[in-house]
């Protein structure tokens, strides 16, 4: 089942964490299938915020989703929502929160080869490395995998981790920067 109807959502999420939670909540409220893609998109124009995009399997699912969004988030037809949908549709922008294989892979410590074989992720890139990683390397997910659309491919950025493993570059609960310096 390949998702083909993309909807943009601008619910005014202030942070990636807020947007992640909203995508998860929408997936539960709408009983979205494992095959759905849900992405976040940083909006840097006007009021900075995070918009969402959902790629749904068919027009029936899209109509049901639009109806729900109109009830729950009446201000979602913004330029930011349209930009998020366009970037996702072109597969050139978007940080995937929902994607086929996301739950199973985040709950495991897969090898790179297993991740690529059992999820929608097309490639793993290791920061500072010129080529793809060895498929036998383990990926310590910490329950959190957020690949991004790049040039039509879903790519997970990773970094070296302890014991010769890799870890996703994005950590599950980042420490806020520059909060209370000097206090």
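Numbering (my numbering), first residue to last: 3 to 185. The C-beta atom is built at its ideal place from N, Cα and C for all residues, glycine as well.
Rounded to whole angstroms, residue 40 and residue 164 show a C-alpha spacing of 30 Å. Between the alpha carbons of residue 105 and residue 48 lies a distance of about 34 Å. For residue 139, the secondary structure class from DSSP, reduced to helix, strand or coil, is coil. For the pair residue 126 and residue 158, the CB atoms are nearer than the 8 Å cut-off. For residue 25, the uninterrupted alpha helix (DSSP H) run begins and ends at 18-31, by DSSP.
As computed with DSSP, residue 69 is found in no beta bridge at all. Annotated three-state conformation of residue 60 is coil, per DSSP. Between residue 75 and residue 138, the gap from beta carbon to beta carbon reaches 8 Å or more. Considering only 153, 145 and 16, the residue with the shortest C-alpha distance to residue 50 is 16. With respect to the 8 Å criterion, residue 67 and residue 54 are not classified as neighbours on the basis of their beta carbons.
In the three-state scheme derived from DSSP, where H, G and I count as helix and E and B as strand, residue 114 is classed as helix. Each residue's CA atom was taken as its position, placing residue 174 and residue 22 some 11 Å apart.
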